[in-house]
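Numbering (the working numbering), first residue to last: 12 to 174.
Ideal Cβ placement from N, Cα and C applies to all residues, glycine included.
Here the structure is laid out as structure tokens; the discussion comes afterwards.
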């Protein structure tokens with residue numbers, strides 16, 4: 012709901028901004044010029060034509076359109092990227108922890124019950140475990156960046172009750 016409301020507001024602002032640059036303009040008139048040419052029969056047709064000017068600016072239109080695409084076409088930046096967490100898990104953790112299990116120490120699984128039992132059912136505790144390692148689990152603090160560790164920790168936390 013909030014995303015659609017933001018979209019409507021932003022689209023309205025962009026369209027209003029574009030209309031300021033793209034709205035058709037009228038040709039300028041001299042203050043003494045009248046709408047009819049009744050008394051000017053001897054004026055050549057070429058002189059009667061006014062040069063039409065427009066306030067349309069392709070550059071402004073392109074900039075507004077590009078801004079609209081950039082704002083709404085891009086994936087929103089979130090503090091936690093669960094898709095990245097899943098890919099980090101698949102590439103680094105799944106060899107030992109496939110399906111939330113543990114092939115090295117079988118009782119220390121990544122399932123919610125086991126994480127609660129060992130005091131690891133907390134994102135901070137999972138981040139600490141992944142960063143520093145413990146027991147037979149190696150440390151990944153040097154191999155993965157802090158954002159990747161946070162993403163995989165949140166992914167494991169969210170997945171723990173689904174395994």
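Item, Value
"Classify residue 125 as buried or exposed, calling it buried when 16 or more other Cβ atoms lie within 10 Å of its own Cβ.", "buried"
"Counting only the same chain and skipping the five closest in sequence on each side, list residues whose C-beta sits under 8 Å from that of residue 103.", "151, 154, 155, 163"
"When DSSP builds the beta bridges, which residues end up paired with residue 165?", "According to DSSP, which records beta bridges pairwise, residue 165 is partnered with nothing at all."
"Can the beta-carbon of residue 121 be found less than 9 Å from the beta-carbon of residue 165?", "no"
"CB-CB under 6 Å to residue 106, same chain, minus the five flanking residues each way: which ones, in chain order?", "none"
"Does the ligand COA have a heavy atom nearer than 8 Å to the CB of residue 74?", "Ligands in the displayed structure: none, and consequently the ligand COA is not present."
"Residue 118: buried (16+ other C-beta within 10 angstroms of its C-beta) or exposed?", "exposed"
"Going by beta carbon distance, what residues of the same chain come within less than 8 Å of residue 27, once the five residues before and after it are set aside?", "none"
"Tell me the DSSP secondary structure of residue 113 in three-state form.", "coil"
"Quick check on the burial criterion: 16 or more other C-beta atoms within 10 angstroms. Buried or exposed for residue 173?", "exposed"
"Count the other CB atoms within 10 Å of the CB of residue 127; is the residue buried (16 or more) or exposed (fewer)?", "exposed"
"Counting only the same chain and skipping the five closest in sequence on each side, list residues whose C-beta sits under 6 Å from that of residue 112.", "120"
"What's the C-alpha gap between residue 143 and residue 136?", "11 Å"
"Considering only residues of the same chain and omitting the five flanking positions on each side of residue 132, which have a CB-CB separation below 8 Å?", "123, 126, 168, 171"
"So what does residue 145 bridge to, in DSSP terms?", "148"
"Who are the near neighbours of residue 108 in its chain, counting only those whose CB is closer than 7 Å to its CB and skipping five residues on each side?", "121"
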